[in-house]
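**Student:** Mind having a look at this structure? Questions to follow.
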Amino acid sequence: MDAWYSDHHQAHDAQSELLGGQLTASHETPLRAERVLDAFLEAGVGLVHTPPDAGLAPILAVHDADYIDFLRGAWDAWRAIERKHPALPTVWHAGLGPPAERPRHIEGQLGYYAMDAASAIVAGTWTAAYWSAQCAIAAASSLMQGAEGGSAAFAICRPPGHHATARAMGGYCYLNNAAIAAQHLRALGQPRVAVLDIDYHHGNGTQSIFWQRDDVFFASLHADPHDDYPYFSGHARERGEGDGLGATLNLPLPPGTQAPEYLAALEQALDAIEAAGCTATVVSLGVDTFERDPISRFKLREGDYAQIGVRLKRLPRPVLFVFEGGYATGEVGTNAVGVLRGYEAGIE
Ligand code: SP5
Ligand code: ZN
Numbered sequence: 017m018d019a020w021y022s023d024h025h026q027a028h029d030a031q032s033e034l035l036g037g038q039l040t041a042s043h044e045t046p047l048r049a050e051r052v053l054d055a056f057l058e059a060g061v062g063l064v065h066t067p068p069d070a071g072l073a074p075i076l077a078v079h080d081a082d083y084i085d086f087l088r089g090a091w092d093a094w095r096a097i098e099r100k101h102p103a104l105p106t107v108w109h110a111g112l113g114p115p116a117e118r119p120r121h122i123e124g125q126l127g128y129y130a131m132d133a134a135s136a137i138v139a140g141t142w143t144a145a146y147w148s149a150q151c152a153i154a155a156a157s158s159l160m161q162g163a164e165g166g167s168a169a170f171a172i173c174r175p176p177g178h179h180a181t182a183r184a185m186g187g188y189c190y191l192n193n194a195a196i197a198a199q200h201l202r203a204l205g206q207p208r209v210a211v212l213d214i215d216y217h218h219g220n221g222t223q224s225i226f227w228q229r230d231d232v233f234f235a236s237l238h239a240d241p242h243d244d245y246p247y248f249s250g251h252a253r254e255r256g257e258g259d260g261l262g263a264t265l266n267l268p269l270p271p272g273t274q275a276p277e278y279l280a281a282l283e284q285a286l287d288a289i290e291a292a293g294c295t296a297t298v299v300s301l302g303v304d305t306f307e308r309d310p311i312s313r314f315k316l317r318e319g320d321y322a323q324i325g326v327r328l329k330r331l332p333r334p335v336l337f338v339f340e341g342g343y344a345t346g347e348v349g350t351n352a353v354g355v356l357r358g359y360e361a362g363i364e
């Protein structure tokens with residue numbers, strides 16, 4: 017399988033995040049994507065392509081236009097009042113009535129369009145997020161053209177995407193690369209697309225984007241939201257609404273989860289995707305389930321990632337892998353590529 021990668025991601029280095037009451041160095045660093053690229057090349061999985069510019073249309077098919085305008089202009093507005101630090105929100109509506117109205121001041125806008133104080137905007141954030149999404153779009157297109165060949169592709173996206181909703185950033189995410197790819201596969205003719213999210217954190221953004229839709233089936237394995245970020249979604253009782261009722265499946269798992277329980281839950285998700293009659297799959301591939309991940313609490317080991325990959329051969333093809341989280345910089349590349357290698361070995 018081939019991969020899509022853009023070095024524009026380097027323009028986004030958020031520097032700080034608010035974690036545990038402290039402004040600390042961001043865990044989401046440029047080094048992560050470089051490690052994944054290196055591991056992909058070293059393993060000889062396939063070729064690496066630079067995405068062409070498919071423009072804003074596939075992004076606007078998922079995200080609200082006012083949110084995109086905000087992302088594009090936020091740094092300049094922030095720089096006009098604050099010259100030293102990355103832009104981070106400090107105030108939120110928090111569901112207090114009356115309904116929120118977009119404030120004029122950038123400080124208010126940051127809170128209006130953000131779900132946490134861990135996702136800073138710096139000078140290169142928009143450029144990096146835009147090209148991260150373009151990697152996902154190009155990889156999806158390639159699967160429909162049969163061009164760069166094969167029934168699987170890997171988008172080395174950075175910044176990640178699965179926490180971003182149609183109109184909010186958070187969890188280091190600005191544009192929802194996986195949702196944009198799934199929507200793009202729909203636009204290119206796939207009747208029903210599965211999104212399987214195996215990042216440690218619940219893909220709250222992806223879930224919310226497809227919550228009321230039947231044409232994209234969302235299944236996620238993640239830390240129980242009682243115990244970890246994003247806290248406000250990912251419970252097993254959340255199954256979608258309206259036309260989307262039954263097209264969302266959440267499999268929350270406890271802190272300390274190891275491979276046997278993890279793989280059992282994965283089989284459940286794969287059974288549900290099989291039953292849903294999907295014709296293509298997007299995998300939100302986070303490897304922050306790793307035992308030495310600095311912000312997570314599952315206990316998967318290096319060898320487990322190939323085991324995950326082998327099981328994913330049951331997914332409806334074509335399959336697009338979209339890189340999400342994973343913060344143990346020493347192992348993030350080999351773990352992510354471990355899934356791809358297991359997958360390729362598992363395909364007959
Ligand atoms: C894409 C992705 O994986 N985003 C994750 C964002 C998580 N941010 C909040 C993490 C809170 C962790 N709290 C436990 C700290 C342990 N020292
Ligand atoms: Zn994560």
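Each residue of the sequence shown is one higher than the one before, starting from 17 at the first, in our numbering. Where is the CB? At the ideal position from N, CA and C, for every residue including glycine.
Can you tell me the Cα-Cα spacing of Glu-347 and Lys-100, whole angstroms?
**Tutor:** C-alpha separation (whole angstroms): 33 Å.
**Student:** Comparing alpha-carbon positions, which option in Gly-127, Arg-120 and Asp-304 lies nearest Ala-103?
**Tutor:** Ala-103 has its Cα closest to that of Gly-127, out of Gly-127, Arg-120 and Asp-304.
**Student:** Select from Arg-174, Phe-86 and Ala-96 the residue whose C-alpha is nearest the C-alpha of Tyr-21.
**Tutor:** It is Arg-174 whose Cα lies nearest to the Cα of Tyr-21.
**Student:** Just to be sure I understand the criterion: a residue counts if its Cβ is closer than 5 Å to at least one heavy atom of the ligand ZN. Which residues meet that?
**Tutor:** Residues flagged by the Cβ proximity filter: Asp-215, Tyr-216, His-217, Gly-302, Asp-304 and Gly-341.
**Student:** Tell me, please, which residues DSSP counts as bridged to Pro-268.
**Tutor:** Looking at the DSSP assignment, Pro-268 forms a beta bridge with His-238.
**Student:** Do the stretch 245-260 and the stretch 207-225 make contact, defined as three or more Cβ pairs closer than 8 Å?
**Tutor:** Contact between the stretch 245-260 and the stretch 207-225 is present, because at least three Cβ pairs lie under 8 Å.
**Student:** Please report the distance separating the alpha-carbon of Arg-330 from that of Ala-281.
**Tutor:** Going by the C-alpha atoms only, they are around 14 Å apart.
**Student:** What is the rounded straight-line gap between the Cα of Gly-124 and the Cα of Gly-187?
**Tutor:** For Gly-124 and Gly-187, the distance between alpha carbons rounds to 19 Å.
**Student:** Is DSSP giving Asp-259 helix, strand or coil here?
**Tutor:** DSSP places Asp-259 in helix when its eight states are reduced to three.
**Student:** Is Gln-38 helix, strand or coil by DSSP?
**Tutor:** Strand, per DSSP.
**Student:** Please report how far the alpha carbon of Ser-32 lies from the alpha carbon of Asp-287, in whole angstroms.
**Tutor:** The straight-line gap from Cα to Cα measures roughly 40 Å.
**Student:** Hey, could you find the ends of the beta strand (DSSP E) Phe-337 is sitting in?
**Tutor:** Run containing Phe-337: 335-339, per the beta strand (DSSP E) assignment.
**Student:** Do the stretch 88-95 and the stretch 138-148 meet, that is, are 3 or more Cβ pairs less than 8 Å apart?
**Tutor:** With the cut-off at 8 Å, the stretch 88-95 and the stretch 138-148 touch.
**Student:** List the endpoints of the continuous beta strand (DSSP E) containing Phe-170.
**Tutor:** Start and end: 168-171.
**Student:** With the cut-off set at 8 Å, would you say Pro-268 and Pro-310 are in Cβ contact?
**Tutor:** It is not a contact, given that the beta carbons lie outside the stated cut-off.
**Student:** Examine the ligand SP5 and report whether any of its heavy atoms sits within less than 7 Å of the Cβ of His-179.
**Tutor:** Answer for His-179: yes, Cβ within range of the ligand SP5.
**Student:** Indicate the three-state DSSP secondary structure (helix, strand or coil) for Ser-224 in the structure shown.
**Tutor:** Three-state result, Ser-224: helix.
**Student:** Below 7 Å, is the gap between the Cβ of Ala-239 and the nearest heavy atom of the ligand SP5?
**Tutor:** Every heavy atom of the ligand SP5 is 7 Å or more from the Cβ of Ala-239, so no.
**Student:** Specify, as a first and last residue, the run of the alpha helix (DSSP H) that Trp-142 falls within.
**Tutor:** Counting along the chain, the alpha helix (DSSP H) containing Trp-142 begins and ends at 141-161.
**Student:** Is Glu-364 buried or exposed, if buried means 16 or more other CB atoms sit within 10 Å of its CB?
**Tutor:** With a pLDDT of 49 at Glu-364, under the threshold of 50, the predicted position of this residue should be treated as unreliable, though the coordinate-derived value follows. Per the 10 Å Cβ criterion, exposed.
**Student:** Would you list the one or two residues that DSSP bridges to Ala-70?
**Tutor:** In DSSP, Ala-70 forms no bridge with anything.
**Student:** How many Å lie between Ala-134 and Gly-111 at the Cα?
**Tutor:** Spanning the two alpha carbons is a distance of roughly 20 Å.
**Student:** I'd like the ranges of any alpha helix (DSSP H) spanning at least 4 consecutive residues and lying wholly in the stretch 57-124.
**Tutor:** Those alpha helix (DSSP H) runs which fall completely within the stretch 57-124 and span 4+ residues are 73-76 and 81-95.
**Student:** DSSP on Gly-349, reduced to helix/strand/coil?
**Tutor:** Looking at Gly-349 - three-state DSSP - the assignment turns out to be helix.
**Student:** Taking the alpha carbon of Gly-36 as the reference point, which residue from His-200, Asp-132, Asp-320 and Phe-86 has its own alpha carbon closest?
**Tutor:** Out of His-200, Asp-132, Asp-320 and Phe-86, Asp-132 has the C-alpha closest to the C-alpha of Gly-36.
**Student:** For Ala-19, write down the residues that DSSP places opposite it in a beta bridge.
**Tutor:** Answer by DSSP bridge pairing, in chain order: Val-64 and Phe-170.
**Student:** Rounded to whole angstroms, what is the Cα-Cα separation between Gln-26 and Leu-159?
**Tutor:** The straight-line gap from Cα to Cα measures roughly 26 Å.
**Student:** Can you pull the DSSP bridge partners for Thr-45?
**Tutor:** According to DSSP, Thr-45 bridges with nothing at all.
**Student:** Could you check which residue in Phe-226, Ser-236 and His-251 has the C-alpha nearest to that of Gly-258?
**Tutor:** Of Phe-226, Ser-236 and His-251, the residue nearest in Cα terms is Phe-226.
**Student:** As an exercise, report each continuous beta strand (DSSP E) stretch of at least 3 residues that is fully enclosed by the stretch 191-219, in chain order.
**Tutor:** You should have 209-213.
**Student:** Compute the Euclidean distance between the alpha carbons of Ile-97 and Ile-137, then round it to the nearest angstrom.
**Tutor:** C-alpha separation (whole angstroms): 14 Å.
**Student:** From the DSSP output, in three-state form, read off Ile-324 for me.
**Tutor:** Correct three-state label for Ile-324: helix.
**Student:** Going by C-alpha to C-alpha distance, which of Thr-264, Ala-180 and Val-209 sits closest to Cys-294?
**Tutor:** If we check each option's Cα against that of Cys-294, Val-209 comes out closest.
**Student:** At what residues does the alpha helix (DSSP H) containing Ala-288 begin and finish?
**Tutor:** That run of the alpha helix (DSSP H) goes 275-291.
**Student:** Applying the 10 Å Cβ sphere with the 16-neighbour rule, what's the burial state of His-14?
**Tutor:** Residue 14 lies beyond the residue range present for the chain, which begins at 17 and ends at 364; the question has no answer from this structure.
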